[in-house]
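Visitor: With the numbering used here, the residue at position 370 of the sequence shown is 735, and numbering never jumps.
Backbone N, C-alpha and C fix where the C-beta goes; we use that ideal spot for every residue, glycine too.
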Amino acid sequence: MKIVIIGGVAGGASAAARARRLSESAEIVLLEKGGFVSFANCGLPYHVGGEIVERNALLLQTPESLHARFNLDVRVRHEALSIDPQGQTVEVKRHEDGSTYRESYDQLVLSMGANPLIPPIEGRGRDGVFSLRDLEDMDRIIAWTSQVALKGTPSRAIIVGAGFIGLEMAEQLHRLGMKVTVVEAADQVLPPLDWEMARLVEAELQDNDVQVVLSEFVSRIADSPDAAVGNVVTQSGKTFPADLIILSVGVRPNSAIAATAGIDVGSTGGIQVDEHLHTNCQNIWAVGDVIETPHPILGGSMMIPLGGPANRQGRIVADNIFGRSVVYRGTLGTAIVRVFNVVAAVTGASTKALERTDQPNQSVFLHPGSHAGYYPGAQTIAMKLTFDPDNGRVLGLQAVGGDGVDKRVDVVATAIAAGMTVDDLVELELCYAPPFGSAKDPVNLAGMVAQNVLRGLVQNADPTALPLGDQFYYLDVRSSQERAKGALPMSAHIPLDELRGRQNELPKDKTLVVYCQSGQRSYNACRLLSQNGFDCLNLSGAYKTWLLTRDRQSLPV
Ligand code: FAD
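#1: Distance check for M667 and I393, CA to CA, integer angstroms please.
#2: Can you name, in chain order, every residue of its own chain whose Cβ lies under 6 angstroms from the Cβ of F529, other than the five neighbours on each side?
#3: So T696 and I662 are supposed to be a Cβ contact under 8 angstroms. How far apart are they, rounded?
#4: Within this structure, are the beta carbons of Y797 and L853 separated by less than 9 angstroms?
#5: Return yes when at least one heavy atom of the ligand FAD lies under 8 angstroms from the C-beta of G679, else no.
#6: Just to confirm, are L497 and P481 a CB contact at a threshold of 9 angstroms?
#7: Pair every Cβ in the segment 877–885 with every Cβ in the segment 730–737, then say whether three or more of these pairs are closer than 8 angstroms.
#8: Among residues of its own chain, excluding the 5 on either side of I507, which ones have a beta-carbon nearer than 8 angstroms to its beta-carbon?
#9: Residues in the same chain with beta-carbon distance under 7 angstroms from P428, minus the five sequence neighbours each way, listed in chain order, please.
#10: Using DSSP with H/G/I as helix, E/B as strand and the rest coil, what is T722?
#11: My assumption, with CB atoms under 8 angstroms, is that I523 sits in contact with F605. Please give the rounded CB distance.
#12: Using the C-alpha atoms, what's the distance from V638 back to N645?
#13: Verify whether the separation of the beta carbon atoms of F495 and I622 is less than 9 angstroms.
#14: With H, G and I counted as helix, E and B as strand and the rest as coil, what does DSSP make of N903?
#15: Which one or two residues does DSSP pair with Y470 in a beta bridge?
#16: Note down, in chain order, each residue of its chain lying with its Cβ closer than 8 angstroms to the Cβ of L609, except the 5 sequence neighbours on either side.
#17: In angstroms, rounded to a whole number, what distance separates the CA positions of W560 and K717?
#18: Per DSSP, V825 forms a beta bridge with which residues?
#19: Go through its chain and collect everything with a Cβ distance to G526's Cβ below 6 angstroms, but skip five positions before and after it.
#20: So, helix, strand or coil for P606, using DSSP?
#21: Taking H660 as part of the alpha helix (DSSP H), name the residues at either end of that continuous run.
#22: Cβ of K398 versus every heavy atom of the ligand FAD: is any distance shorter than 8 angstroms?
#23: May I have a chain-ordered list of the beta strand (DSSP E) segments no shorter than 3 residues that lie completely inside the segment 548–612?
#24: Less than 8 angstroms separating the Cβ of H443 from some heavy atom of the ligand FAD?
#25: Who are the near neighbours of V630 in its chain, counting only those whose CB is closer than 7 angstroms to its CB and skipping five residues on each side?
#26: Excluding the 5 residues flanking L431 on each side, which residues of the same chain have their C-beta closer than 6 angstroms to its C-beta?
#27: Does the pairing of the segment 832–842 with the segment 793–808 give three or more beta-carbon distances under 8 angstroms?
#28: Could you compute how far the alpha carbon of A568 sits from the alpha carbon of F705?
#29: Going by CA-CA distance only, name the one from P674, F752, W650 that's closest to A683.
#30: Can you give, in chain order, each stretch of the beta strand (DSSP E) that sits fully within the segment 367–417 and has at least 3 residues?
#31: Spatial neighbours of G665 within its chain, please: C-beta separation below 8 angstroms, excluding the five flanking residues on both sides.
#32: Out of S589, A479, L750, V369, which has the shortest C-alpha to C-alpha gap to G488?
#33: Going by the beta-carbon positions, is the gap between I368 and A384 smaller than 9 angstroms?
#34: Alpha carbon to alpha carbon, how far is F404 from R459?
#35: Residues in its own chain within less than 6 angstroms of A737 by CB, not counting five upstream and five downstream?
#36: Give the secondary structure of T427 by DSSP, where H, G and I count as helix, E and B as strand, and everything else as coil.
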């Protein structure tokens, strides 16, 4: 058996190593057009900023180490030019001397990854305009930053695109002392999150002196005598002087040679594969950023470029080549990013994605502590749990905070993969001691809050679309000290502990929209009031969530 793999990083190297573990006798050829294999793309921003000090730390394997350990025939600077599925050969170009040759295969694995999307910005070819995909890009960015730094004044970096990589680069360039501006065409940073959750990340960027410019489409880079690269100009005419520009507006599957060979490519540009990651051409498999996969919740095929799926898919393909018949279950899009002191993570489907696919959904917001409040150092986690209102199935979680965000999102990712409902989240037994969590873990709490809504114990008001009109009466049940720091306009105030004795002050002919700081006391208030004949809505996520949304909606009157 001879296996040829095109692309020697995440998916390709995983497939190769697993194939060797399954067969000592297979011939395994790894073709990589770049100069490196199995390097840590995900670490690139952190070496630019100097957090990962040693460049070598990014080189997880070399052709020599892969040969020594796995007996792989690794050929760097060997580019696959074309595929002949009938003849079962690949045409390969040696970059060293430009010569070409044909390599035959019994099984072919495509793991060519994705290329950065380069938006049609006039002037994008100038020196000092970069995207970041591989070590060579990283080296060029580092060389340029050192060069502009020599000029003395703090350099100005413009990041075009506020996705995960864009924000990691914003943080790292700020770390180098640059004045950073992020320009994003959408009306929020981190598009996989819903806008109200992304607000917390936007605020953290601003608190760290990173300028965030939303809803602005970069159209050109104009000459400027005062900037090393030029002025970044948006369609609306705003200009930003730039000594360095990073384009990070997304990626596109590197599927051209597959499409030319007759391998089916979908509307995302990704190679289409079946559940075993096999393409429409016999003995040709594909993995990683170059494929599109089904989304377990949203359905349809999507291109979700993440390291975890690429690595696992590589392993699955090797299993399938050797007849082990493993099915890939789809990509949920579980992802995480650190932006200064804030961690944002997401799994499953956001509200906006569910609305695009017309799927019923409901969400609850909560702000639990990362661990027991009485133990020092607890940090608030803003959570948005999304579920199916018909059957309680968990559809997604977005969480923004610090400590413990990763743990909660990973638990919910597992729950989604297992098809669990909000009732199941309530029942999960998760580890607890004061430094690590709470007796009711934030995941349990999220389940409880959603369960209360589903079971009709309380009705929620959506903080992203406040109910407005004469029939609504807003009631603040926080303490006077909390209220003194800010409140929803026109809301009445009765602290929760006085509510039982002061109910007669409230109108029975209106719907009460009750809020506290994070939603728990207002839930208690709603239970009390609804059992006494009042019509109540609990403002989900309460004052904390409203603060994130208030400038996008009319105020209650
Ligand atoms: P790649 O790892 O990109 O490998 C594809 C390889 O194929 C490339 O080396 C390319 O040179 C080679 N190739 C292409 N065409 C040919 C050809 N014709 N012949 C020979 N070789 C070819 N994901 C996360 O989950 N978490 C993160 O924190 C994260 N951070 C990231 C940060 C950065 C800066 C980048 C760029 C990516 C990050 N990712 C992250 C995404 C993750 O790295 C990718 O999803 C993953 O590497 C995809 O693996 P792959 O094998 O499909 O493609």
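Guide: So, from the data block:
#1: Numbered from 1 along the sequence shown, position 28 holds the residue referred to as residue 393. Numbered from 1 along the sequence shown, position 302 holds the residue referred to as residue 667. Approximately 30 angstroms, taken between the alpha carbons.
#2: As a working note, residue 529 is residue 164 in the sequence shown. So the qualifying residues of the chain are V702.
#3: Residue 696 sits at position 331 when you count from the first residue of the sequence shown. Residue 662 sits at position 297 when you count from the first residue of the sequence shown. Their Cβ separation, rounded to whole angstroms, is 11 angstroms, which puts T696 and I662 out of contact at 8 angstroms.
#4: Taking the sequence shown and counting its residues from 1, the one referred to as residue 797 is at position 432. Taking the sequence shown and counting its residues from 1, the one referred to as residue 853 is at position 488. No. Outside cutoff.
#5: In the sequence shown, the residue the question calls residue 679 occupies position 314. The ligand FAD approaches G679 closely enough that one of its heavy atoms is under 8 angstroms from the residue's Cβ.
#6: Along the sequence shown, read from residue 1 onward, the residue named residue 497 stands at position 132. Along the sequence shown, read from residue 1 onward, the residue named residue 481 stands at position 116. Yes.
#7: Taking 8 angstroms as the limit for Cβ pairs, the verdict is that the segment 730–737 does touch the segment 877–885.
#8: Sequence index remark: in the sequence shown, residue 507 carries index 142 (1-based). Once the five neighbours on either side are set aside, the close Cβ partners of I507 are H412, V413.
#9: As a first step, residue 428 is located in the sequence shown; it is residue number 63 there, counting from the start. Closer than 7 angstroms at Cβ, skipping near neighbours: V402, V439, V441.
#10: If you number the sequence shown from 1, residue 722 lands on position 357. Under the three-state reduction of DSSP output, T722 falls in the coil class, being neither helix nor strand.
#11: Indexing the sequence shown from 1 puts residue 523 at position 158. Indexing the sequence shown from 1 puts residue 605 at position 240. I523 to F605, Cβ: 5 angstroms. Contact.
#12: The residue labelled residue 645 in the question sits at position 280 within the sequence shown. The residue labelled residue 638 in the question sits at position 273 within the sequence shown. Computed Cα separation, rounded: 7 angstroms.
#13: As a position in the sequence shown, residue 495 is number 130, starting the count at 1. As a position in the sequence shown, residue 622 is number 257, starting the count at 1. No, these two residues do not count as a Cβ contact at 9 angstroms.
#14: The sequence position of residue 903 within the sequence shown is 538, counting from 1. Collapsing the DSSP output to three states places N903 in a strand.
#15: By one-based count along the sequence shown, residue 470 stands at place 105. According to DSSP, Y470 bridges with nothing at all.
#16: What you label residue 609 is simply residue 244 of the sequence shown in a count that begins at 1. Within its own chain, the residues whose Cβ lies closer than 8 angstroms to the Cβ of L609, once the five positions on either side in sequence are excluded, are G493, F495, I506, W509, T510, V513, S520, R521, A522, I523, L538, M543, A593, V594, listed in chain order.
#17: For the purposes of this step, residue 560 is taken as residue 195 along the sequence shown, with counting starting at 1. For the purposes of this step, residue 717 is taken as residue 352 along the sequence shown, with counting starting at 1. The straight-line gap from Cα to Cα measures roughly 9 angstroms.
#18: Translated into the one-based positions of the sequence shown, residue 825 becomes position 460. Before going further, note that residue 825 is Asn rather than Val in the sequence given. The bridge partners DSSP lists for N825 are N903.
#19: Taking the sequence shown and counting its residues from 1, the one referred to as residue 526 is at position 161. Closer than 6 angstroms at the Cβ level, and outside the excluded window around G526, lie S613, V614.
#20: What you label residue 606 is simply residue 241 of the sequence shown in a count that begins at 1. P606 falls in the strand class under three-state DSSP.
#21: Here residue 660 is taken as the residue at index 295 of the sequence shown, counted from 1. H660: not part of any alpha helix (DSSP H); DSSP gives it neither H nor E.
#22: Locating residue 398 in the sequence shown gives position 33, where the first residue counts as 1. Yes, Cβ of K398 sits closer than 8 angstroms to a heavy atom of the ligand FAD.
#23: Taking only runs of at least 3 residues, the beta strand (DSSP E) segments lying wholly in the segment 548–612 are 576–578, 583–587, 595–599, 604–607, 609–612.
#24: Along the sequence shown, one-based indexing puts residue 443 at 78. It does: the Cβ of H443 is within 8 angstroms (strictly closer) of some heavy atom of the ligand FAD.
#25: Here the question's residue 630 lines up with position 265 in the sequence shown. Sequence-distant Cβ neighbours of V630 in its own chain, meaning closer than 7 angstroms and more than five residues away, are S620, A623, A624, I636, Q637.
#26: The count along the sequence shown starts at 1 and reaches residue 431 at position 66. Around L431: L437, V439.
#27: In short, these stretches do not touch, since the Cβ pair count stays below three.
#28: Translated into the one-based positions of the sequence shown, residue 568 becomes position 203. Translated into the one-based positions of the sequence shown, residue 705 becomes position 340. Cα to Cα, A568 sits roughly 11 angstroms from F705.
#29: Taking the first residue of the sequence shown as position 1, residue 683 is located at position 318. Cα-wise, what sits closest to A683 is W650.
#30: Listed in chain order, they are 367–371, 392–397.
#31: As a first step, residue 665 is located in the sequence shown; it is residue number 300 there, counting from the start. Excluding residues within five positions, the ones whose Cβ falls inside 8 angstroms are P659, T722.
#32: Numbered from its first residue, the sequence shown carries residue 488 at position 123. Out of S589, A479, L750, V369, S589 has the C-alpha closest to the C-alpha of G488.
#33: Position 3 of the sequence shown, counting from 1, holds the residue named residue 368. Position 19 of the sequence shown, counting from 1, holds the residue named residue 384. Cβ distance < 9 angstroms, so I368 and A384 count as in contact.
#34: For the purposes of this step, residue 404 is taken as the residue at position 39 of the sequence shown. For the purposes of this step, residue 459 is taken as the residue at position 94 of the sequence shown. Each residue's alpha carbon lies about 21 angstroms from the other.
#35: The residue labelled residue 737 in the question sits at position 372 within the sequence shown. Cβ-Cβ distances below 6 angstroms link A737 to P799, S803 in the same chain, with the five nearest sequence neighbours on each side left out; the list follows chain order.
#36: Position 62 of the sequence shown, counted from the start, is the residue given in the question as residue 427. Correct three-state label for T427: coil.
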